[in-house]
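**Q** Got a structure for you, written out below as structure tokens; questions coming shortly.
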Ligand SMILES: NC(=O)c1ccc[n+]([C@@H]2O[C@H](COP(=O)([O-])OP(=O)(O)OC[C@H]3O[C@@H](n4cnc5c(N)ncnc54)[C@H](O)[C@@H]3O)[C@@H](O)[C@H]2O)c1
């Protein structure tokens with residue numbers, strides 16, 4: 001899929017991986033990118049991208065990715081700049097706790113909070129799936145209006161999305177909701193990839209390891225440096241720009257169907 005002169009939507013774009021993806025897409029020559037985030041920092045982030053790029057390429061949207069009316073508005077607004085053909089739904093949250101907590105003194109037990117589980121599934125699994133579906137729908141409508149049917153390999157690719165999973169998709173202590181959501185992204189990406197092929201759209205999943213972003217700063221003090229670092233082959237955290245490079249490479253290369261591990265070798269011998 002060609003990046004240059006396309007219109008993109010990136011969620012979680014105020015921070016970390018989402019922000020790095022925006023910058024990589026802009027460097028790759030996208031004509032416009034919708035930058036979506038819950039925080040009001042998104043306006044300043046978009047302004048900074050435009051200043052750094054020296055062109056009016058980024059448009060800020062502040063809202064919750066789980067709000068379907070907000071999602072529809074973002075895509076409708078961006079459609080004014082052209083059909084949205086790239087989607088990287090990077091917004092994500094951690095709400096870590098043990099699945100079953102046992103009080104050692106009383107022997108009583110507490111299950112992981114159900115509302116938190118729903119929230120994590122909504123943000124980390126449903127949102128990336130629906131934002132990608134919204135992109136596919138826009139491409140499908142455009143093709144229908146032009147009277148074009150099933151996509152063939154003689155045409156250019158029409159769209160690309162990369163869903164951001166995690167190494168935690170293999171299951172991880174203290175991450176019953178996050179791991180479940182990230183694991184679900186494999187099936188969502190595969191399904192949308194199969195269905196999207198009719199319209200010339202590829203959907204892939206990437207599974208990063210420990211990336212130097214505010215999300216990883218939420219880990220308990222010293223956990224990475226003292227315990228996890230020795231299990232990472234590259235002996236450091238991954239930079240967000242490295243994940244952004246991998247995402248764009250996956251989009252540009254049609255033979256990569258995903259899922260791709262981008263974990264710096266974690267664990268190195270598994
Ligand atoms: N950092 C890592 O080590 C790591 C590893 C594997 C996967 N990931 C995944 O990469 C993605 C990006 O993570 P990051 O490390 O850049 O995190 P981050 O916390 O730096 O950025 C996430 C952004 O998403 C936004 N966001 C959260 N909930 C939102 C909502 N409901 N609506 C709109 N915006 C919302 C936040 O405001 C924030 O700006 C996430 O899906 C995360 O699960 C991160």
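Residue numbers (the numbering used here): 1 to 270.
Beta carbons: idealized from backbone N, C-alpha and C, even for Gly.
1. Say the cut is 8 Å; is the CB of residue 215 nearer than that to a heavy atom of ligand 1?
2. Would you decide whether residue 158 is buried or exposed? Buried here means 16 or more other CB atoms lie within 10 Å of its CB.
3. Touch check for the stretch 145-155 and the stretch 176-194: three-plus C-beta pairs under 8 Å?
4. Taking DSSP as the reference, what is the three-state secondary structure of residue 231?
5. Answer yes if the stretch 85-97 comes into contact with the stretch 154-171, meaning at least three C-beta pairs across the two stretches below 8 Å, and no otherwise.
6. Are the Cβ atoms of residue 271 and residue 202 separated by less than 9 Å?
7. May I have the straight-line CA-CA distance separating residue 134 from residue 128, to the nearest angstrom?
8. Helix, strand or coil for residue 220, going by three-state DSSP, please let me know.
9. From this set, 29, 103 and 36, which residue's C-alpha is nearest residue 16's C-alpha?
10. So who's on the other strand from residue 157, going by DSSP bridges?
11. Taking the C-alpha atoms as reference points, what is the distance between residue 18 and residue 117?
12. Specify the secondary structure class of residue 11 as computed by DSSP and reduced to three states.
13. State yes or no: is the C-beta of residue 240 nearer than 8 Å to some heavy atom of ligand 1?
14. Measuring alpha carbon to alpha carbon, tell me which of 94, 198 and 62 ends up nearest residue 287.
15. Between the Cα of residue 79 and those of 138, 155 and 223, spot the shortest distance and give me the residue it belongs to.
16. So, residue 38 versus residue 64, is the Cβ gap smaller than 9 Å?
**A** Well, looking at it:
1. For residue 215, the shortest C-beta to heavy atom distance toward ligand 1 is below 8 Å.
2. buried
3. no
4. helix
5. The stretch 154-171 makes contact with the stretch 85-97, as at least three CB pairs between them are under 8 Å.
6. Examination of residue 271 is not possible in this model, given that the chain is present from 1 through 270 alone.
7. 10 Å
8. The answer is coil: DSSP assigns residue 220 none of H, G, I, E or B.
9. 36
10. Answer by DSSP bridge pairing: none, since residue 157 is not bridged.
11. 23 Å
12. It is a strand residue.
13. Yes, the Cβ of residue 240 comes within 8 Å of a heavy atom of ligand 1.
14. Nothing can be reported for residue 287: it is not among the residues displayed for the chain, which extend from 1 to 270.
15. The shortest Cα separation from residue 79 among 138, 155 and 223 belongs to 138.
16. yes
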